[in-house]
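*Asks:* So that you can map any letter, position 64 of the sequence shown is 280 in this note's numbering, and since no number is skipped, the others follow by simple counting.
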Amino acid sequence: MVKRKATGAGAGRRTKRTKTTTAGAFLWKANDWKVKRAITQEVSLLVSGTNSKQFLVKKVLDIDEDDDAQPPEIRALARLPDCNRIVKPIAYSHADPDPEHGTALFEHYLLGDLQQWRQKLFVHKNRKPVPESFIWRCFLQINLRGCMTHRDIKPKNILVAENGTTYPSFKLHDFDCAMTWEKSTARQPARCGTFQWQPPEGPRIGINTKAAELWALGAFIYFLATGQPPIEDSDAYAAARLRDNNNQHPDSAREYGRYHRYYDAHVPRRFTPINLSSDELHQQGLGLSTEEKRARGMGPEYHQYSDELNDWMAQCLSQTPSRRPTAERLVYGMSLAARGMLKKMGGKAALVDLEAKFGADA
217 MVKRKATGAG AGRRTKRTKT TTAGAFLWKA NDWKVKRAIT QEVSLLVSGT
267 NSKQFLVKKV LDIDEDDDAQ PPEIRALARL PDCNRIVKPI AYSHADPDPE
317 HGTALFEHYL LGDLQQWRQK LFVHKNRKPV PESFIWRCFL QINLRGCMTH
367 RDIKPKNILV AENGTTYPSF KLHDFDCAMT WEKSTARQPA RCGTFQWQPP
417 EGPRIGINTK AAELWALGAF IYFLATGQPP IEDSDAYAAA RLRDNNNQHP
467 DSAREYGRYH RYYDAHVPRR FTPINLSSDE LHQQGLGLST EEKRARGMGP
517 EYHQYSDELN DWMAQCLSQT PSRRPTAERL VYGMSLAARG MLKKMGGKAA
567 LVDLEAKFGA DA
């Protein structure tokens with residue numbers, strides 16, 4: 217469906233009764249809030265008109281003009297139990313600001329998403345690597361279980377949350393592409409989400425599988441360690457394909473809407489192990505330009521992480537879907553390794569808020 221820009225009043229269109237659903241005691245009154253800054257065309261940060269330290273994130277969602285049903289993201293989240301690893305709206309207002317859109321309100325997380333957090337706290341501030349204990353915590357907390365496939369797991373869709381300790385917690389959000397996992401639809405072609413964060417089999421068999429979710433899990437762990445997705449340089453790949461095809465894009469690239477999406481989906485998936493010593497890294501980088509090294513996460517910010525972290529990440533990033541671990545194996549196998557490493561690195565403090573909680577306990 218073509219994206220439509222939200223109107224201010226919806227004049228000249230049929231009207232629908234605005235329905236607001238809320239979580240807890242929060243009551244949404246648009247006049248009580250003002251826009252502090254736009255994040256995207258659909259998402260903005262709001263500040264309270266009575267409390268300058270109180271913020272909300274407002275997201276405007278499309279509604280099918282021939283259907284009164286809620287937007288896909290709201291329907292997907294309604295099927296999930298409350299969980300301390302998932303961000304759900306604190307309020308949703310249907311047919312607001314106009315009959316073709318709904319407004320969802322979310323809690324604002326001051327630390328931002330995974331990409332913003334890494335850039336601000338570790339790249340810009342002191343150019344230090346993300347501590348391995350933080351990466352293990354993220355690995356544990358975002359390992360999804362259940363029947364819902366997110367289909368757009370990436371650094372920008374993982375929020376960093378404070379929990380009263382020096383060890384942050386992590387939550388998954390933006391379920392616009394999510395769907396209920398069913399064996400009958402797992403192999404159906406699907407084209408949605410962000411292509412550079414999708415597995416190598418994506419263009420062939422789609423991303424509706426649990427194995428695709430596990431690859432995405434390994435991909436953001438690689439990002440935390442290196443600052444890069446586990447793929448070759450997409451621009452260089454596109455340039456090479458164009459040269460080989462008489463400066464013409466492949467016919468199938470038109471199906472992606474924008475050509476860069478096609479190349480992001482098809483560029484080879486490759487990663488550099490994150491447990492290499494300086495000498496081993498040098499050997500891996502022989503003959504590569506500075507740009508190629510950075511594209512493979514081999515820049516000056518490279519840090520040597522443990523064999524255990526590298527091993528679990530590499531299993532998730534296997535080129536062959538059947539060789540990736542199941543979510544259950546991660547829960548019982550990786551979880552044991554992670555907890556052992558966390559206890560060794562940070563003691564009891566590093567083990568705070570590791571349990572997934574559901575329902576009233578979330």
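Glycine residues also receive a C-beta, built at the ideal position from the N, C-alpha and C atoms.
Between which residues of its own chain and E571 is the CB-CB distance below 6 Å, once the five residues before and five after are set aside?
*Replies:* For the purposes of this step, residue 571 is identified with residue 355 of the sequence shown, where counting begins at 1. If we look at E571 and ignore the five residues flanking it on each side, it has no Cβ neighbours.
*Asks:* What's the C-alpha gap between P315 and E258?
*Replies:* Looking up residue 315 in the sequence shown gives position 99. Looking up residue 258 in the sequence shown gives position 42. Each residue's alpha carbon lies about 16 Å from the other.
*Asks:* For G562, which residues from the same chain have a beta carbon less than 6 Å from its beta carbon, with the 5 sequence-adjacent residues on both sides left out?
*Replies:* Here residue 562 refers to the residue found at position 346 of the sequence shown. Same-chain partners within the cutoff: S349.
*Asks:* Y521 and L497 - do their beta-carbons sit closer together than 8 Å?
*Replies:* Here residue 497 refers to the residue found at position 281 when the sequence shown is read from its first residue. Here residue 521 refers to the residue found at position 305 when the sequence shown is read from its first residue. L497 places its beta carbon 8 Å or farther from that of Y521.
*Asks:* Can you list the alpha helix (DSSP H) stretches of 4 or more residues lying completely in the region 449 to 513, in chain order?
*Replies:* 450 to 460, 475 to 482, 494 to 501 and 506 to 511, all fully within the region 449 to 513.
*Asks:* Could you check whether A578 and N373 sit closer than 8 Å to each other, using their CB atoms as the reference points?
*Replies:* Position 157 of the sequence shown, counted from the start, is the residue given in the question as residue 373. Position 362 of the sequence shown, counted from the start, is the residue given in the question as residue 578. For N373 and A578, no; Cβs fall outside 8 Å.
*Asks:* Please return the same chain residues whose Cβ sits closer than 8 Å to the Cβ of Y475, not counting the five positions on each side in sequence.
*Replies:* Along the sequence shown, one-based indexing puts residue 475 at 259. Once the five neighbours on either side are set aside, the close Cβ partners of Y475 are A454, H465 and A469.
*Asks:* What are the start and end residues of the beta strand (DSSP E) that includes G278?
*Replies:* The sequence position of residue 278 within the sequence shown is 62, counting from 1. Inspection of the sequence shows that residue 278 is occupied by Asp rather than by Gly. Its beta strand (DSSP E) spans residues F271 to D278.
*Asks:* Mapping the DSSP letters down to three states, classify H519 as helix, strand or coil.
*Replies:* Position 303 of the sequence shown, counted from the start, is the residue given in the question as residue 519. Residue state, collapsed to three classes: coil.
*Asks:* Taking just the CA atoms, how far does Q357 sit from T381?
*Replies:* The sequence position of residue 381 within the sequence shown is 165, counting from 1. The sequence position of residue 357 within the sequence shown is 141, counting from 1. About 16 Å.
*Asks:* With 16 other CB atoms within 10 Å as the buried threshold, where does E398 fall?
*Replies:* Your numbering for residue 398 matches position 182 in the sequence shown. E398 is exposed by the Cβ-count criterion.
*Asks:* Using a 10 Å radius around the Cβ and a threshold of 16 neighbouring Cβ atoms, would you call N247 buried or exposed?
*Replies:* Taking the sequence shown and counting its residues from 1, the one referred to as residue 247 is at position 31. N247 comes out exposed.
*Asks:* Is V346 helix, strand or coil by DSSP?
*Replies:* As a first step, residue 346 is located in the sequence shown; it is residue number 130 there, counting from the start. Looking at V346 - three-state DSSP - the assignment turns out to be coil, as it is neither helix nor strand.
*Asks:* Would you list the residues sitting across from G318 in a DSSP beta bridge?
*Replies:* Numbered from its first residue, the sequence shown carries residue 318 at position 102. According to DSSP, which records beta bridges pairwise, G318 is partnered with L277.
*Asks:* Do three or more CB pairs link the region 328 to 341 to the region 494 to 511 at distances below 8 Å?
*Replies:* No: fewer than three Cβ pairs fall under 8 Å.
*Asks:* Are there 16 or more other CB atoms within 10 angstroms of the CB of Q270, so buried, or fewer, so exposed?
*Replies:* The count along the sequence shown starts at 1 and reaches residue 270 at position 54. Exposed is the call here.
*Asks:* Can you tell me where the beta strand (DSSP E) with A254 in it begins and where it stops?
*Replies:* For this step, residue 254 is matched to residue 38 along the sequence shown. First-last of the beta strand (DSSP E) with A254: W249 to A254.
*Asks:* P371 and D312: beta carbons closer than 8 Å?
*Replies:* Locating residue 371 in the sequence shown gives position 155, where the first residue counts as 1. Locating residue 312 in the sequence shown gives position 96, where the first residue counts as 1. No, the Cβ-Cβ distance between P371 and D312 is not below 8 Å.
*Asks:* Run through the DSSP bridge pairs and tell me what D329 is partnered with.
*Replies:* Counting from 1 along the sequence shown, the entry for residue 329 is found at position 113. D329 pairs with L375.
*Asks:* Which partner residues does I369 have in the DSSP bridge list?
*Replies:* Locating residue 369 in the sequence shown gives position 153, counting from the first residue. DSSP lists no partner for I369.
*Asks:* Mind checking who K387 pairs with in its DSSP beta bridge?
*Replies:* Indexing the sequence shown from 1 puts residue 387 at position 171. DSSP, once it has assigned bridges, lists L375 as partnering K387.
*Asks:* Mind checking which residues open and close the beta strand (DSSP E) that includes S260?
*Replies:* Within the sequence shown, numbered from 1, the residue matching residue 260 stands at position 44. Where S260 is concerned, the enclosing beta strand (DSSP E) starts and stops at V259 to S264.
*Asks:* To the nearest angstrom, how far is the alpha carbon of R545 from that of E417?
*Replies:* Your numbering for residue 545 matches position 329 in the sequence shown. Your numbering for residue 417 matches position 201 in the sequence shown. Between the C-alpha atoms of R545 and E417 there is a straight-line separation of about 21 Å.
*Asks:* Indicate the three-state DSSP secondary structure (helix, strand or coil) for T442 in the structure shown.
*Replies:* Taking the first residue of the sequence shown as 1, we reach residue 442 at position 226. Three-state result, T442: helix.
*Asks:* In the structure shown, what three-state DSSP assignment does I612 receive?
*Replies:* Because the chain is modelled from 217 through 578, residue 612 falls outside the range shown and cannot be assessed.
*Asks:* Can you tell me which of the three DSSP states K336 falls into?
*Replies:* For the purposes of this step, residue 336 is identified with residue 120 of the sequence shown, where counting begins at 1. K336 falls in the helix class under three-state DSSP.
*Asks:* Per DSSP, which residues does M395 bridge with? Please list them.
*Replies:* Taking the first residue of the sequence shown as position 1, residue 395 is located at position 179. The bridge partners DSSP lists for M395 are T365.
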